[in-house]
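Chemist: In this text, residue positions in the sequence shown follow our numbering: the first is 1, and each later residue adds one.
Have a look at this one.
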Amino acid sequence: ALVATPNLALALPQLVVADPLAAFQAIACEHRRAFTGPVIGVTGSAGKTSTKNLLALLLGVTDPAGSVLATEGNLNNHLGVPLTLTRLDAAVHRFAVIEAGISGPGDMDPLATMISAAVRPTGVAIFPTQCATFPAFRDLAVRQMVIEPAEVLRPAAPPKDKVYFAITQRGDTTAIALAYGEPPPLHFTLHRVTDGMAQNAVLAICAALWLGLPRDLIQQRLSAYAPAPFRGEWRR
1 ALVATPNLAL
11 ALPQLVVADP
21 LAAFQAIACE
31 HRRAFTGPVI
41 GVTGSAGKTS
51 TKNLLALLLG
61 VTDPAGSVLA
71 TEGNLNNHLG
81 VPLTLTRLDA
91 AVHRFAVIEA
101 GISGPGDMDP
111 LATMISAAVR
121 PTGVAIFPTQ
131 CATFPAFRDL
141 AVRQMVIEPA
151 EVLRPAAPPK
161 DKVYFAITQR
171 GDTTAIALAY
181 GEPPPLHFTL
191 HRVTDGMAQN
201 AVLAICAALW
211 LGLPRDLIQQ
221 RLSAYAPAPF
231 RGEWRR
């Protein structure tokens with residue numbers, strides 16, 4: 001246990017430090033530094049947890065090998081982020097999907113520091129909503145990409161570092177067309193979600209593609225997606 005004041009009545013090891021929280025975050029930074037696989041940070045004012053869950057699914061979080069570490073629930077604050085990062089195991093995990101949430105000014109800087117740990121081997125920053133006020137988190141990304149809606153996807157490669165998408169709702173299915181890289185556009189379907197969640201799905205799909213996952217595997221895993229309870233569920 002990290003403690004500021006030891007309790008000799010407790011029968012457990014205690015490391016006495018001046019600031020237990022700062023010490024815990026420093027330990028998480030050092031542990032994160034040893035991991036050289038892709039780390040995907042997810043933040044935003046809404047949609048963080050749903051987007052994180054979907055991206056983790058696309059990367060293979062349900063596979064028996066357990067090669068994806070993802071934030072559990074919404075443990076995304078000054079305690080949740082280091083708790084997640086200290087679970088990283090370079091011998092097991094290929095990817096890490098880390099959610100970051102704030103409750104006040106200045107909260108994002110230490111979270112971004114822990115997630116990046118000044119290494120950034122492969123960083124992808126995902127913003128389900130506009131986050132221009134989070135420059136520290138935006139700096140995690142080694143590549144910036146603009147993702148914009150389009151009514152019609154033209155049969156041509158989009159401008160550099162831009163992705164265009166179109167969403168169509170058909171009965172119980174949500175269809176996504178994505179102009180990513182060379183034409184023709186890529187097409188994906190999933191069980192019907194709201195338009196907002198469909199846009200978050202576009203972010204997750206783009207991240208998975210950029211990390212090298214093949215389109216067919218993404219579609220296979222996308223077909224298994226179901227929203228978490230009370231997060232995007234359809235109620236009739």
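We treat Cβ as the ideally placed atom computed from N, Cα and C, and that holds for glycine.
Hey, how far is the Cα of residue 103 from the Cα of residue 73?
Modeler: For this step, residue 103 is matched to residue 103 along the sequence shown. For this step, residue 73 is matched to residue 73 along the sequence shown. Straight-line Cα distance between these residues: approximately 17 Å.
Chemist: Quick check on residue 32: does DSSP put it in helix, strand or coil?
Modeler: Working through the sequence shown from its first residue, we reach residue 32 at position 32. Helix at residue 32.
Chemist: Excluding sequence positions up to five away, which residues of its chain have a Cβ less than 6 Å from the Cβ of residue 59?
Modeler: Against the sequence shown, residue 59 aligns to sequence position 59. Once the five neighbours on either side are set aside, the close Cβ partners of residue 59 are 68 and 95.
Chemist: Let me know if residue 207 comes out buried or exposed under the rule of 16 or more other beta-carbons within 10 Å of its beta-carbon.
Modeler: Walking along the sequence shown from the start, residue 207 turns up at place 207. Under this definition residue 207 is a buried residue.
Chemist: What's the C-alpha gap between residue 225 and residue 216?
Modeler: Translated into the one-based positions of the sequence shown, residue 225 becomes position 225. Translated into the one-based positions of the sequence shown, residue 216 becomes position 216. Straight-line Cα distance between these residues: approximately 15 Å.
Chemist: Just verifying my parser: in three-state terms, what is the DSSP assignment at residue 102?
Modeler: In the sequence shown, the residue the question calls residue 102 occupies position 102. Residue 102 falls in the coil class under three-state DSSP.
Chemist: Quick check on this structure: which residue in 93, 92, 91 and 110 has the alpha carbon closest to the alpha carbon of residue 100?
Modeler: To locate residue 100, count along the sequence shown from 1; it is residue 100. Comparing Cα positions, the closest option is 110.
Chemist: Please list, in chain order, all residues of the same chain as residue 185 whose beta carbon is under 7 Å from its beta carbon, the five residues on each side excluded.
Modeler: Numbered from its first residue, the sequence shown carries residue 185 at position 185. Here the set comprises 153, 177, 178 and 179.
Chemist: For residue 16, which residues of its own chain have a beta-carbon under 8 Å away from its beta-carbon, when the five flanking residues on both sides are left out?
Modeler: On the sequence shown, residue 16 is found 16 positions in, with the first residue counted as 1. Taken in chain order, the residues that qualify are 3, 4, 5 and 6.
Chemist: Determine the direct distance from the alpha carbon of residue 214 to that of residue 54, and round the result to whole angstroms.
Modeler: Sequence index remark: in the sequence shown, residue 54 carries index 54 (1-based). Sequence index remark: in the sequence shown, residue 214 carries index 214 (1-based). In a straight line, the C-alpha of residue 54 is about 16 Å away from that of residue 214.
Chemist: Would you kindly report the start and end of the unbroken beta strand (DSSP E) that includes residue 169?
Modeler: Numbered from 1 along the sequence shown, position 169 holds the residue referred to as residue 169. It spans 162-170 - the beta strand (DSSP E) in which residue 169 sits, taken as one unbroken run.
Chemist: Under the rule that 16 or more other beta-carbon atoms within 10 Å means buried, what is residue 12, buried or exposed?
Modeler: Numbered from its first residue, the sequence shown carries residue 12 at position 12. The residue is exposed, with fewer than 16 neighbouring Cβ atoms inside 10 Å.
Chemist: Suppose the cutoff is 6 Å on Cβ atoms and the five residues either side in sequence are ignored; what does the same chain contact list for residue 35 look like?
Modeler: Translated into the one-based positions of the sequence shown, residue 35 becomes position 35. So the qualifying residues of the chain are 88 and 90.
Chemist: Thinking C-alpha only, which one of 108, 205 and 31 is nearest residue 163?
Modeler: Along the sequence shown, one-based indexing puts residue 163 at 163. Checking every option, the nearest Cα to that of residue 163 belongs to 205.
Chemist: May I have the straight-line CA-CA distance separating residue 143 from residue 210, to the nearest angstrom?
Modeler: Mapped onto the sequence shown, residue 143 falls at position 143. Mapped onto the sequence shown, residue 210 falls at position 210. Confidence at residue 143 is low in this model, with a pLDDT of 48, below 50, so the placement of that residue should be treated as unreliable; the coordinate-derived value is given next. For residue 143 and residue 210, the distance between alpha carbons rounds to 10 Å.
Chemist: Taking the alpha helix (DSSP H) that residue 49 belongs to, which residues open and close that run?
Modeler: The residue labelled residue 49 in the question sits at position 49 within the sequence shown. Residues 48-59.
Chemist: Run through DSSP, which three-state label would residue 211 get?
Modeler: As a position in the sequence shown, residue 211 is number 211, starting the count at 1. Residue 211 falls in the coil class under three-state DSSP.
Chemist: In this structure, does DSSP put residue 15 in helix, strand or coil?
Modeler: Position 15 of the sequence shown, counting from 1, holds the residue named residue 15. The answer is strand: DSSP assigns residue 15 an E or B state.
Chemist: Going by DSSP in three states, residue 9 sits in which element: helix, strand or coil?
Modeler: Numbered from 1 along the sequence shown, position 9 holds the residue referred to as residue 9. Here residue 9 sits in coil by DSSP.
Chemist: Leaving out five residues before and five after residue 76 in sequence, what residues of the same chain have Cβ atoms less than 6 Å from its Cβ?
Modeler: Start at 1 with the first residue of the sequence shown, and residue 76 comes out as number 76. Excluding residues within five positions, the ones whose Cβ falls inside 6 Å are 99, 100 and 101.
Chemist: Excluding five sequence neighbours on each side, which residues of the same chain lie with their C-beta closer than 8 Å to the C-beta of residue 173?
Modeler: Taking the sequence shown and counting its residues from 1, one reaches residue 173 at position 173. Answer for residue 173: 189, 190, 191 and 192, listed in chain order.
Chemist: Flag this pair as yes or no: are the beta carbons of residue 85 and residue 108 separated by less than 8 Å?
Modeler: Counting from 1 along the sequence shown, the entry for residue 85 is found at position 85. Counting from 1 along the sequence shown, the entry for residue 108 is found at position 108. No, Cβ-Cβ distance for residue 85 and residue 108 is not below 8 Å.
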